[in-house]
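At position 5 of the sequence shown the residue is numbered 6 (the working numbering), and the sequence of numbers has no breaks. Quick reminder that beta carbons are idealized off the backbone N, C-alpha and C, glycines included.
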Amino acid sequence: MRHLLRYIGHRLYTTWATFWFVAPFVATYPVQLALSKRPQWHRHLHSLNRNWSRLFIRMWGMPVEVEKHNPLPAGQPCVYVANHSSYIDIPLLFKAIPGWLNIMGKISLTKVPVWGPIFERVYISVDRDSPMSRGRAMVQARRSLEAGRPVVIFPEGSIAKNPGAQLEEFKDGAFQLAITAGVPVVPITMTMNHRFMPDVGGLRIRYTPLHIVLHEPIPTTGLTVADAPALKQRVETIIASAFRPEATGLPAPSSWRRPVPVVPTPAQKPSAGKPTQDSSELALPNS
């Protein structure tokens, strides 16, 4: 019964979370589409996206702990460098960082039905396998900074394989951009997102308090592009320093059935003198 109740609870919460993500977007989609068509309206569209993010995160009922260490004034150009662990990363950044942001995302985001074309018009998309696309994205990011619009970049390039415990190798682009533009780098750690919505190839949502750290800004005054590797290493160390031991690993799939002990066949039974292996659970469908 305990497993059944937990399974029902997971399903109900997933349905609730999905509804509050989708419903406000559908209700505001005509306005978002209209605002996306003129560059001078993009600031208002970002404000709408930020309020959308705040609304559905609030309705999910999750407390969000935001730590800010010596934050920059809203609107000061900088490069925010964040770890990437979940599809909830972008909405959480929209909620936690005030002002008009730009964000660099994978070109696959532009292929998302309905929302993709809006993202392509308002934010920066990049095909990391294409040198031409990477160069174009950096030009867009530089222009954004020159216009006073901070840029968010995920230097790992994709969601980490072992989120909350180990970062993927950082790319140099974010740090070269900050140095050449002469703006600070602000490291960001999101410690629990993968526990709420892990990247497991399906929709698996678990109630999890969220935590985001905006570390102290790192000035780039006096640095050259040759200093980018050292800056990258420094930022990587800072981001990883805020990981929490209790946040390692992904949430387990739920099942309405109690795990069934596996009875070994005669061929699987260990011979005398050999240690046995614990096979206490039968594989069940993921959810």
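Quick check on residue i: buried or exposed, where buried means 16 or more other Cβ atoms within 10 Å of its Cβ?
{"i": "D130", "result": "exposed"}
{"i": "D90", "result": "buried"}
{"i": "F120", "result": "buried"}
{"i": "S126", "result": "buried"}
{"i": "V236", "result": "buried"}
{"i": "S242", "result": "exposed"}
{"i": "F22", "result": "buried"}
{"i": "A28", "result": "exposed"}
{"i": "Y30", "result": "exposed"}
{"i": "I9", "result": "exposed"}
{"i": "E247", "result": "exposed"}
{"i": "M2", "result": "exposed"}
{"i": "G223", "result": "exposed"}
{"i": "A75", "result": "exposed"}
{"i": "K38", "result": "exposed"}
{"i": "H70", "result": "exposed"}
{"i": "K233", "result": "buried"}
How close, in whole Å, do the beta carbons of residue i and residue j come, if the pair is a contact with beta carbons under 8 Å?
{"i": "L73", "j": "V187", "result": "7 Å"}
{"i": "H85", "j": "S159", "result": "7 Å"}
{"i": "T190", "j": "F244", "result": "7 Å"}
{"i": "I58", "j": "P92", "result": "7 Å"}
{"i": "L211", "j": "V113", "result": "Between V113 and L211 the Cβ distance is about 22 Å, and since that is not below 8 Å, they are no contact."}
{"i": "H11", "j": "R207", "result": "7 Å"}
{"i": "L110", "j": "H195", "result": "Not really, about 18 Å apart at Cβ, beyond 8 Å."}
{"i": "P151", "j": "L102", "result": "6 Å"}
{"i": "A229", "j": "I180", "result": "6 Å"}
{"i": "T83", "j": "V153", "result": "Just to set this straight, residue 83 is Ala in the shown sequence, not Thr. Right, their Cβ atoms sit about 6 Å apart."}
So, with DSSP's three-state summary, where would you put residue i?
{"i": "I91", "result": "helix"}
{"i": "H212", "result": "strand"}
{"i": "G10", "result": "helix"}
{"i": "M2", "result": "coil"}
{"i": "F20", "result": "helix"}
{"i": "S288", "result": "A caution first: S288 carries a pLDDT of 46, below 50, which makes its placement in the model unreliable, though a value can still be read off. S288: coil per DSSP, three-state reduction."}
{"i": "D228", "result": "helix"}
{"i": "P25", "result": "helix"}
{"i": "V201", "result": "coil"}
{"i": "R245", "result": "coil"}
{"i": "L251", "result": "coil"}
{"i": "R207", "result": "coil"}
{"i": "I98", "result": "coil"}
{"i": "S272", "result": "Note that S272 scores a pLDDT of 49, beneath 50, so its modelled location is shaky; the value from the coordinates is reported in the next line. S272 falls in the coil class under three-state DSSP."}
{"i": "K233", "result": "helix"}
Who pairs with residue i in a beta bridge, going by DSSP?
{"i": "P188", "result": "V82"}
{"i": "G106", "result": "S126"}
{"i": "I219", "result": "V186"}
What residue ranges within the stretch 32-83 form continuous alpha helix (DSSP H) runs of no fewer than 4 residues, ordered along the chain? Positions of the alpha helix (DSSP H) runs, each at least 4 residues long and wholly inside the stretch 32-83, are given as 43-60 in order along the chain.
Threshold first: 4 residues or longer. Then list the alpha helix (DSSP H) segments lying entirely within the stretch 113-174, N to C. 117-123 and 132-147
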